[in-house]
Each structure stands twice: as structure tokens, then as C-alpha cells.
Amino acid sequence: MRLLPVLLLLPMVLISSASAQDAQPKWEDWLKGVRKEAEQKGIRSQILDATLTGLTPLERVIKADQNQAEFVETLETYLAKRVSQLRIDNGRKAMAENADILRQVSERYGVQPEYIVAIWGMETAYGKVKPGENAIQALATLAYDPRRSTYFRKELFAALEILNNDYISTDELKASWAGAMGQPQFMPTSYLQYAADFDGDGHRDIWNNPGDIFASIANYLKFYAWKGEQAWGYEVSLPEGFPAKLAAVGSYDQGGCRAMNQHSRAPSIAEWQAMGVRTRDGADLPPSDLEATLVEPDGETGRAFVTFGNYRAILRYNCANFYAIAVGRLADLVKP
Ligand SMILES: [Ca+2]
């Protein structure tokens, strides 16, 4: 999973609280332990001097983690915000302005340009949003906190490995407060696995270089079995008495991330047609043997979608059905 889901972040224990002090080493002692472990992992002392010496916890990170509002969002409110007319317009512009490089990346990785651009738009508004925290500082702050220290400590060492490999300079290693980096918002472990050096200059620059940014997103999707000749899915309408039929189909049980638990098993489109499922406008489904899961992200009273394997690849990028539907919608709308 690329990002720690925001709603799983619980209120953070104050670093200055008495209970934390009792259970926790002092920041400076903890940092010494990090340095020792990093040295054992082969991180050059030059990198450790530049990043860890005099490092302080980042108050903004603690505040951001504490201030996360938990509110119930519906697909409608989510799509209105995330697939706004402005985002569609800017996505069309981004498609046109980057047409050549997108075509090259698309040919190399087998991912259609509109999906690369849609994820880019969802993550950082096509690079207009520039998360500017020092990644090492943000990750160290979260790794010091005992609640999710295992997860973030691993990400912290991955970030140090990125620097050790000279993929990017220390000054350029910027992230969101939660440690997601660059224009595709990769966590450091995802970066090590999927970030690509498209122009072959030795750097995997997902902060500034359009080719590296697009190739990294495409490489991520490709790893999760993206099919360049297929779409993500589409909205459908359901017949009377459908819940009983859906119950008979059963639920998706082939693993995957938690949002997949909301999906049905994957009969073919032809089988959905036979069960009375139609397009959103009530027409017959296009004849196809393609297997598709059915998902109703707001439950039985909300909208319904049939989705293909590419949708599950989008879920690997960010495991939320609202997110994957928004990416699919945006991709459909920015495609020339
Ligand atoms: Ca590069």
C-alpha cells in the first residue's frame, strides 16, 4: 500500500506528555539509535551528517496528525471536490502540454496517458501542489511517536536509502507531513520499488522531472498488471430485486487491499447482462467476456459500477473506492 490511509491515523500522543516521556527515550537518544542502525545498513556518514545532525521533531507534523477531521463523505461530495470542472480543464491542458512525453511513457509501460494524468491530478493537482516538508524530518517525527513507529521507521530508513543511492539530493527530498513524496506522492518504500528514471540521468526525480514522474506512476500500475487495452470500468444501473442476485454472486475473495472487500466476485460482463444489469442510461451492456466486479461505494442505495482489473491496480495506488472511481472518471474526462 502506497499511503497510510488518512482515516486510520488516530490522535497522536503528545511527545511532551508525561506518559510518552516515561515510555520513550529522549529524542536525541532515539536519533542516535537511528543513526547507528542506518550505519549498519550501509548509509554513508556524509548522508547521516547532512540529515540527522541537529534534527528536531516537526511540530507541524504532530499538529496535522492531531487535526485530521473524520467526517462521512459520500461519493457525490468526494467527486464534486476531486473531479471538479477546474481539475478536468487543467487535466485536458496537461494532456496537451505533455502529449509527447506521455506518449513515450505510455508506449514503454503500456499505460494510457489519461490514467497517468488522472493520478497526477488527484495527487498534486498536476504538480501545482508542492508538499514542502523535509521528508527526513517528517518521517523521523512520526517514527519517534510510539503509535506507528514500526511503519514510519521503515519509511525513514527507505528515505535515507534514497539519498544514499543518489536518486535525489537531500535538499530536494520533500514530502507531505505524512511522508508522501513528490508529484506522485510515493512513500519512500514505494519509491524504492516503483520510481523510474525515464530520462536515464541516474536520478529518479519525481519532484521535478515530467518523464520520471509519469514513468513512476505508470511503472506502479504496470507492476499491478495494468492492461493498456482496457478501461477501468463504468457506471451501471441495477434491476429490481438485484440485492438477492448480488448475494448469490458472492463477494470478492482473491485478496487485495481492504477496499476490495466491498466488491462482488467477478463474473463476465455477459453474465451481468443476463442478471439484468444495464448501462447507467438503461442500455444493454457492451457484449464482452471480460470479468468485472460490482461495487456500490455508498451501499445499496447509491451508485453502482462494474470494474475491471485496471481498477484494482488503481486501488493498489490508493486503496479507497472513492479514489479509484475518481481516477477513472477523471481519466475518461481528460482523454482527448
Ligand atoms: Ca531521471
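To convert a position in the sequence shown, counted from 1, into the working numbering, add 243. Where a beta carbon is used, it is the ideal one built from N, C-alpha and C, also for glycine.
Near ligand 1: residue i beta-carbon under 7 angstroms from a heavy atom
i           : result
residue 455 : yes
residue 555 : no
residue 596 : Residue numbering for the chain in the displayed model covers 244 to 579; residue 596 lies beyond these limits and cannot be assessed.
residue 447 : yes
residue 441 : yes
residue 409 : no
residue 272 : no
residue 444 : yes
Cβ pair residue i, residue j closer than 8 angstroms
i           : j           : result
residue 553 : residue 474 : yes
residue 339 : residue 378 : no
residue 467 : residue 548 : no
residue 304 : residue 384 : yes
residue 394 : residue 300 : no
residue 509 : residue 543 : no
residue 413 : residue 296 : no
residue 399 : residue 382 : yes
residue 538 : residue 505 : yes
residue 428 : residue 419 : yes
residue 569 : residue 321 : yes
residue 380 : residue 298 : yes
residue 318 : residue 541 : yes
residue 536 : residue 528 : no
residue 405 : residue 374 : no
residue 599 : residue 502 : Because the chain is modelled from 244 through 579, residue 599 falls outside the range shown and cannot be assessed.
Own chain, CB closer than 6 angstroms to residue i, minus 5 neighbours either side, in chain order
i           : result
residue 260 : Caution is warranted here: a pLDDT of 49 is assigned to residue 260, below 50, making its placement in the model unreliable, and the coordinate value is therefore given only provisionally. The answer is none, since no qualifying residue turns up.
residue 574 : 357, 358, 361
residue 576 : 331
residue 567 : 554, 557, 558
residue 435 : 401
residue 248 : Bear in mind that the predicted position of residue 248 carries a pLDDT of just 45, short of 50, making it unreliable; the figure below should be weighed with that in mind. Same-chain partners within the cutoff: there are none.
residue 488 : 518
residue 572 : 326
residue 578 : 357
residue 584 : The question about residue 584 has no answer here: the residues shown for the chain are numbered 244 through 579.
residue 376 : 418, 420
residue 392 : 386
Contact set for residue i: own chain, Cβ-Cβ below 7 angstroms, skip 5 residues either direction
i           : result
residue 440 : 446, 447, 455
residue 353 : 465, 469, 471
residue 492 : 507, 508, 510
residue 530 : 513
residue 486 : 543
residue 551 : 473, 474, 475, 476, 533, 535
residue 302 : none
residue 396 : 386
residue 525 : 480
residue 545 : 318, 539
Cβ neighbours of residue i in the same chain (closer than 8 angstroms, five flanking residues each side left out)
i           : result
residue 409 : 445, 446
residue 348 : 354, 356, 359, 441, 454, 457, 458, 461
residue 291 : 278, 281, 282, 403
residue 270 : 258, 299, 300, 387
residue 407 : 285, 286, 287, 290
residue 437 : 429, 459, 462, 463, 466
residue 342 : 356
residue 500 : 244, 558, 559, 562
residue 337 : 360, 363, 364, 369, 577
Looking at C-beta atoms only, is the number of pairs between the region 515-524 and the region 479-486 that lie closer than 8 angstroms three or more? yes
Specify whether the region 355-368 and the region 328-338 touch according to this definition: at least 3 beta carbon pairs, one from each stretch, less than 8 angstroms apart. yes
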